[in-house]
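In terms of UniProt numbering, the sequence shown is residues 1 to 381. Beneath this line is the structure, given in structure tokens, with notes to follow.
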Amino acid sequence: MAPSKVLAGARVVLPTGTVDDGRVIVDGTRIADTAPPQAETVDLSGHWVVPGFVDIHNHGGGGASFAGGTAEQVLAGVETHRRHGTTTVVASAVTGDLDFLARHAGMLAELAQQGDIVGIHFEGPFISPCRKGAHDEQLLRDPDPSEVRKLVDAAHGHAKMMTLATELPGGLDSVRLLVEHGVIAAVGHTDATYEQTVQAIDAGATVATHLFNAMPPVGHRAPGPITALLEDERITVELINDGTHLHPAALQLAFHHAGAGRVAFITDAMDAAGFGDGRYRLGPLDVEVTDGVARLVEGGSIAGSTLTLDRAFKRAVTIDRLPVEDVVAAISANPARLLGLDDRVGSLEPGKDADLVVLDDAFDLVGVMRRGEWVVAPQLG
Ligand SMILES: [Zn+2]
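Here you go:
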């Protein structure tokens with residue numbers, strides 16, 4: 001086990017606010033109240049210490065896919081995102097053949113069992129052909145509760161979330177089934193009206209999958225799903241803050257309307273995240289990544305992002321000018337609570353996992369600790 005450490009001198013973002021010249025005591029894998037006598041002191045003056053990031057919607061990175069890769073590839077992708085500060089990740093599948101998805105979920109469930117990922121998010125196949133984004137239209141289906149159940153069962157208790165077009169036949173029954181099984185029902189890739197979205201929320205949906213993307217825009221006579229999702233206190237809205245998926249003003253609108261307590265920053269990353277431009281696959285479809293923007297080869301739809309959460313953090317503070325505490329809420333605390341993991345991760349408090357990120361004064365990542373071990377050790381001068 002790693003020796004105990006006292007991280008000292010940094011600005012530390014705690015649930016109660018930011019402390020200048022703060023201390024985080026790491027004892028073994030956890031955060032502790034008091035330092036054991038042999039603890040090593042790490043001077044982090046001039047730096048920020050924030051909770052490790054929690055990504056609830058992520059399809060891969062480092063050249064590897066969570067949506068179709070082998071276990072080794074998934075682990076390589078997890079490692080890439082860890083080096084960018086994401087110490088807790090949900091692996092997102094994409095639309096595929098139902099039997100394939102069930103088999104793939106079985107493999108991901110083993111990784112969840114080992115603690116490498118914290119669960120599985122099914123994005124598709126129960127989504128709208130009108131808002132399919134980078135999903136294979138041939139494989140889309142209406143949300144039949146028995147088929148939804150098949151995927152949930154295949155995940156052996158590790159299904160965390162499913163994105164559905166809840167307006168399709170079987171949509172509301174599927175939402176109820178997911179909620180009964182403790183799985184988050186997320187509204188997304190949807191062509192629903194405002195009224196249909198309200199019904200989905202009343203049926204138990206609690207997340208908006210990448211709000212604004214893959215859903216009808218706001219109209220003054222047709223306020224659509226965005227309005228329904230933003231105005232309801234029961235909904236957490238996912239936002240992809242990469243500067244490509246959302247205009248900065250749209251991000252501000254969502255942040256100010258929902259409030260910092262109801263936003264979750266996600267990457268929706270694909271294999272090219274933390275890797276580079278080139279030709280990739282997203283599920284069964286070919287994707288070309290140019291200048292960090294992923295698009296389908298056929299038709300040119302945006303196909304996930306190449307974002308990592310450290311970049312989303314820096315952007316939110318330096319370009320969007322959001323308070324650091326609000327960014328920490330959106331990138332760590334809120335998603336941890338949504339997953340029901342806030343007793344272990346999402347904030348820097350004694351007893352929780354020692355998962356944290358060290359940033360310099362320009363908000364560039366210089367260190368990542370997961371369960372008390374440096375994933376990226378800060379190189380301090
Ligand atoms: Zn996605």
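Glycine residues also receive a C-beta, built at the ideal position from the N, C-alpha and C atoms. On a predicted model such as this, the values are computed, not experimentally measured, just so you know.
Shown here, L230 sits in a helix according to DSSP, grouped into three states. Distances from the CA of R149 to each of D99, G292, R221 and V375 were compared; the closest alpha carbon is that of D99.
The segment 26-39 and the segment 47-56 do not touch, with fewer than 3 CB-CB distances between them shorter than 8 Å. Checking the 6 Å criterion, the Cβ of E238 is out of range of every heavy atom belonging to ligand 1. Closest option to A330, judged by alpha-carbon separation, among Q138, T70, T86 and L172: T86. Residue side-chain check: S92 places its Cβ nearer than 6 Å to a non-hydrogen atom of ligand 1. Taking non-hydrogen atoms of ligand 1 into account, the C-beta of D268 is found less than 6 Å away from one of them. Beyond the five residues adjoining it in sequence on each side, P225 comes within less than 6 Å, by CB distance, of T190, A192, T197 and M215 in the same chain, given in chain order. When only Cα atoms are considered, N213 and P3 end up about 45 Å apart.
E195 has its Cβ no nearer than 6 Å to any heavy atom of ligand 1. In the DSSP assignment, the residues bridged to E288 are R279 and R295. Around the beta carbon of S146, fewer than 16 other beta carbons sit within 10 angstroms, so the residue counts as exposed.
Collapsing the DSSP output to three states places K150 in a helix.
Here F265 carries a strand assignment [DSSP, helix/strand/coil].
Between A222 and the set D242, Y194 and V237, the nearest pair of CA atoms involves Y194. For M107, the enclosing alpha helix (DSSP H) covers residues L98 to Q113.
Per the DSSP secondary-structure output, G367 pairs in a beta bridge with V358. Taking 6 Å as the cut-off, one finds at least one heavy atom of ligand 1 near enough to the beta carbon of E123.
With respect to the 7 Å criterion, V26 and K5 are classified as neighbours on the basis of their beta carbons. Taking 7 Å as the cut-off, the Cβ atoms of L229 and A208 count as close.
If one requires a minimum length of 4 residues, the alpha helix (DSSP H) runs lying completely within the segment 159-189 are 171-180, in chain order.
In the DSSP annotation of this structure, the continuous segment of the alpha helix (DSSP H) that includes H256 starts and ends at P248 to A258.
With fewer than 16 other Cβ atoms from the protein chains shown falling within 10 Å of its own Cβ, E180 counts as exposed.
The three-state secondary structure of K352, taken from DSSP, is coil. Its chain contains I226, L229, L230, V237, E238, L239 and A254 as the residues whose beta carbon lies nearer than 8 Å to that of L211, once the 5 sequence neighbours on both sides are disregarded; these appear in chain order. Going by DSSP, R321 is part of no alpha helix (DSSP H) at all; its letter is neither H nor E. The Cβ atoms of V328 and V90 do not sit closer than 7 Å to each other.
A contact between stretches requires three or more CB pairs, one per stretch, nearer than 8 Å, and the segment 163-170 meets this requirement with the segment 116-124. I240 sits in a strand when the DSSP states are folded into three classes. When secondary structure is reduced to three states using DSSP, K314 falls in the helix class. Classified as buried, V152 has 16 or more neighbouring CB atoms from the shown chains inside 10 Å of its CB.
In the DSSP assignment, V198 falls within the unbroken alpha helix (DSSP H) covering Y194 to A203. Inclusion of R315 and N241 in the CB contact set at 7 Å is warranted, their separation being smaller than that value.
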